[in-house]
Amino acid sequence: MKIILLAAGYATRLYPLTLNCPKPLLPIAGRPMLDYILDAVAPIEGIDEVIVVTNSKFYSQFKEWADASPHRFGGNPIAVLDDRTSNDANKRGAVGDIHYVLAQKRIQDDIVVLAGDNLFEKGLKNFGEYCRGLKSPVLGIYDVGNLELVKKYSSVGVDSEGKVVSFQEKPVRPISTWSGIALYYYPKGMIHLIDRYIGEGNNTDQPGNLMSWIYPQIPVYTWKVEGLWYDIGSKEALEEANQVFTKLKEGGSL
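Residues are numbered in my numbering as their position in the sequence shown, beginning at 1, plus a constant of 440.
Shown next as structure tokens:
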């Protein structure tokens, strides 16, 4: 199994903090954000490679971070891939970067895709166990608890078996407080769908667009995120996560 961490954005909403530092390497409770993501995925069994995809502007910073990381997966150090973009105007977008990694690394394996700015309080071991052996994609979902708040993300409807029956990206009238987050599992037999999505000229920006395209065609299952989850999309979210993770660290939970 391969892990793909999306870290090629420019995070202009967080300027000036991210003008010269990529968002996934901003400190949370004294550690780079990506360290917590690696901690979360480390318990997943069967991972033999972690790939961070970034841009030309921040490639050297991610490479320096990866080279210093003690994390090893299948005995392999963290790989960093430059997507050859240089600014917000010519970026590939999240789906474009997933496709780029698959093509450049010639991956024919199960993959888990995560955004480099999503933080999890608890490890993702149970997510890995849920996905193992499934022949269908899996979407991580989180109950934001508020219909107004879910308008910032996506609203997901599920049936009694946990399969996606509706998916609205940044909905005007959300029908559920369950939001689809940037935590995805794609079995190797479904990777060709990403090629087809790109080939048809679909939107390559938000990864949720790919999921909303897939679920009407094949079953997509969901997994409810355990514990707290943070999407660091603003200075306010960054500060809140810093406070919460500092308390968790002091309490010995992290």
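Cβ coordinates follow ideal geometry from the N, Cα and C atoms, glycine included.
Nothing here was measured: the structure is a model prediction, and the numbers come from that model.
- When only Cα atoms are considered, residue 461 and residue 684 end up about 22 angstroms apart.
- Runs of beta strand (DSSP E) with 3 or more residues, each lying fully within the segment 560-597, are found at 578-583, listed in chain order.
- Considering only 523, 507, 526 and 690, the residue with the shortest C-alpha distance to residue 517 is 507.
- In the three-state reduction of the DSSP assignment, residue 601 falls in the coil class.
- Taking a 10 Å sphere around the C-beta of residue 644, we find 16 or more other C-beta atoms and assign the residue as buried.
- When DSSP states are grouped into helix, strand and coil, residue 674 belongs to the coil group.
- Counting other Cβ atoms within 10 Å of its Cβ, residue 548 stays below 16 and is therefore classed as exposed.
- In summary, residue 558 is buried, with 16 or more beta-carbon neighbours lying within 10 Å of its beta-carbon over all protein chains present.
- With fewer than 16 other CB atoms across the displayed protein chains lying within 10 angstroms of its CB, residue 657 is exposed.
- Take residue 667, set aside five residues on each side of it, and the residues of its chain with a beta-carbon closer than 6 angstroms to its own are 561 and 562, in chain order.
- Between residue 446 and residue 498, the alpha-carbon positions lie close to 13 angstroms from each other.
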